[in-house]
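Heads up, the sequence shown is in full-length UniProt numbering, so the first residue is 1 and it goes up one at a time.
The next block holds one structure in the form of structure tokens; read it before the comments.
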Amino acid sequence: MDSWNFICCFFQIEGIQTMQINKTIVKEFILVGFSLYPDIQILLSVIFCCLYLLTLMGNLIIMGLTWVDRALHTPMYIFLSVLSFSETCYTLSIIPKMLADILTENRSISVIGCGLQMYFFLGLGGTNCIILTLMGYDRFLAICNPLRYSLLMTNIVCGQLVASAWAAGFFISLIETALIFGDFFCSPNLVKHFFCHMRAVVRLSCLDSSLIEFIVTLISVSGLLGTFLLIILTYVFILSTVLRIPSAEGKQKAFSTCASHLTVVIIHFGFASIVYLKPEASWGDDTLIAVPYTVITPFLSPLIFSLRNKDMKNAFRKVVGKIII
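This is the structure we're talking about:
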């Protein structure tokens, strides 16, 4: 009996050692990304590079005008400036690496680098959602409580709300990233995306990742739908207030202050919902689906806020006039 127990223990130990040898712990990932589309990689790199430069230019113009023109030192434009800064950092965490991967054969990223990219991407994405919600709340106070607006939305309150948005966005991101990177990752180390998307990375976990994937997806969807529903609720109150304005000119003026924000909200949450609420994707499908909310939405946002805003256009004319003179 002792001999038999020894033999059994021997084979169990050998089996564990063999399993450990066969399980290769990953130290870096390969971002598959647009390598699935080799025929259009050069064209994509040119398009993405142009959109990225225009996005940077648009956001820098908004931040610069808000800083220079005192007429824009109001909560609405402070929120807009913060949104522009957040979106600049948001694109910076993804697009430069994506462009480098398209133009080179080396598409690797370390596990630590992947974790940092995911942390900043999720944190900045969450911050953008909260800031858009705060912008809706600001318009709600301005239209529904115009007499108390200056008392309720001071610069101090505005700063506190902005700080809370950043803190909440990165706190949620820390939880999600910690859940995903709390375990080792095993080969194959191919991330089916052009950046470290949480769903694509969590599936490479050595253990069963279905529970963690469900939790982080639930957190993201809850945050997305929660902020969107709050914005919709503010606009329900705004609409009911605007409809009670007797003059058509007053109604138009009230709606004009919300048009740009509402347009960006629809684009932002619409593209994001496609990614997080869609069914399971097959190999490579997520790559193209993610382009709208990582590249196109940040490009359209400053364009909409600048072209559809009279104050921004007037401030731009002032600055250009001073430069020419």
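Ideal placement from N, C-alpha and C gives every residue a C-beta, glycine not left out.
- Coarse secondary structure for Glu28, derived from DSSP in three states: strand
- Whole angstroms is fine: what's the gap from Thr66's alpha carbon to Leu288's? 34 Å
- In three-state terms, what does DSSP make of Ser164? helix
- Could you tell me how far apart the beta carbons of Ala302 and Ile62 are, in whole angstroms, since I believe they sit closer than 8 Å? The question names Ala, but residue 302 is Pro in the sequence shown. By a beta-carbon distance limit of 8 Å, Pro302 contacts Ile62. Their separation comes to about 5 Å.
- Determine, using beta carbons only, whether Ile102 and Gln160 come nearer to each other than 7 Å. no
- Taking just the CA atoms, how far does Thr217 sit from His197? 11 Å
- Task: Name the residue from Thr294, Ala163 and Val264 whose alpha carbon lies nearest to the alpha carbon of residue 327.
- Result: As displayed, the chain neither begins before 1 nor continues past 325, which places residue 327 out of reach and without an answer.
- Helix, strand or coil at Leu190 according to DSSP, with G and I counted as helix: When DSSP states are grouped into helix, strand and coil, Leu190 belongs to the strand group.
- Between Ile231 and Glu105, what straight-line distance do the alpha-carbon atoms span, to the nearest angstrom? If I take the Cα positions, the gap works out to 43 Å.
- Item | Rounded separation between Thr294 and Val32 - CA only | In a straight line, the C-alpha of Thr294 is about 17 Å away from that of Val32.
- Minimum length 4: unbroken alpha helix (DSSP H) runs contained in the region 41-100: 41-68 and 75-92
- Any chance you could list the alpha helix (DSSP H) runs of at least 4 consecutive residues sitting entirely within the region 230-276, in chain order? none
- Task: Please state whether DSSP places Ser209 in a helix, a strand or coil.
- Result: coil
- Query: Can you name the start and end residues of the beta strand (DSSP E) that Ser35 belongs to?
  - Reply: Neither: Ser35 is in no beta strand (DSSP E) and is coded neither H nor E.
- Where Phe305 sits in the DSSP three-state scheme: helix
- Query: In this structure, does DSSP put Phe184 in helix, strand or coil?
  - Reply: coil
- Query: Which two residues bound the contiguous beta strand (DSSP E) that contains Ile109?
  - Reply: Ser108 to Ser110
- Query: Quick one: is Met312 buried, meaning 16 or more other Cβ sit within 10 Å of its Cβ, or exposed?
  - Reply: buried
- Assign Met153 to one of three DSSP states: helix, strand, or coil. coil
- Query: Can we say the region 270-279 touches the region 40-60, given the rule of at least three CB pairs closer than 8 Å?
  - Reply: When C-beta atoms of the region 270-279 are compared with those of the region 40-60, fewer than three pairs fall below 8 Å, so the two segments do not count as touching.
- As assigned by DSSP and simplified to three states, the class of Thr104: coil
- Message: Out of Phe34, Gly64, Cys129 and Tyr37, which one is the CA nearest neighbour of Lys318?
- Response: When each option's Cα is compared against that of Lys318, the closest is Gly64.
- Answer with buried or exposed for Gln117, where buried requires no fewer than 16 other C-beta atoms within 10 angstroms of its C-beta. Gln117 counts as buried, since no fewer than 16 other beta carbons sit within 10 angstroms of its beta carbon.
- Task: For Ala290, count neighbouring C-beta atoms within 10 Å of its own C-beta (all shown protein chains included) and say buried if the count is 16 or more, exposed if not.
- Result: Around the CB of Ala290, 16 or more other CB atoms lie within 10 Å, so the residue is classed as buried.
- Query: Can you tell me the Cα-Cα spacing of Asn309 and Ala259, whole angstroms?
  - Reply: 9 Å
- Over the uninterrupted alpha helix (DSSP H) stretch that includes Ala315, give me the two end residues. Lys310 to Ile324
- Item | Integer Cβ distance of Gly113 from Ser173, believed to fall under 8 Å | That pair is no contact at about 16 Å.
- Query: When the distance is taken between beta carbons, is Ile131 closer than 7 Å to Val82?
  - Reply: yes
- Task: Kindly indicate which residue of Gly115, Leu54 and Val201 has the alpha-carbon position closest to the one of residue 368.
- Result: The requested residue 368 is not part of the displayed model; the chain covers only 1 to 325.
- Message: If the criterion is Cβ atoms closer than 7 Å, does the pair Ile238 and Glu176 meet it?
- Response: no
- Less than 8 Å between the CB atoms is what I'm expecting for Val68 and Cys186, so what's the real figure, rounded? Your pair Val68 and Cys186 does not check out as a contact, with CB atoms roughly 53 Å apart and the cut at 8 Å.
- Close Cβ partners of Met76 (< 6 Å) along its chain, the five nearest in sequence each way excluded: Asp138
- In terms of alpha-carbon separation, which member of Tyr90, Pro298, Ile47 and Ala168 lies closest to Ile267? Of the candidates Tyr90, Pro298, Ile47 and Ala168, Pro298 places its Cα closest to the Cα of Ile267.
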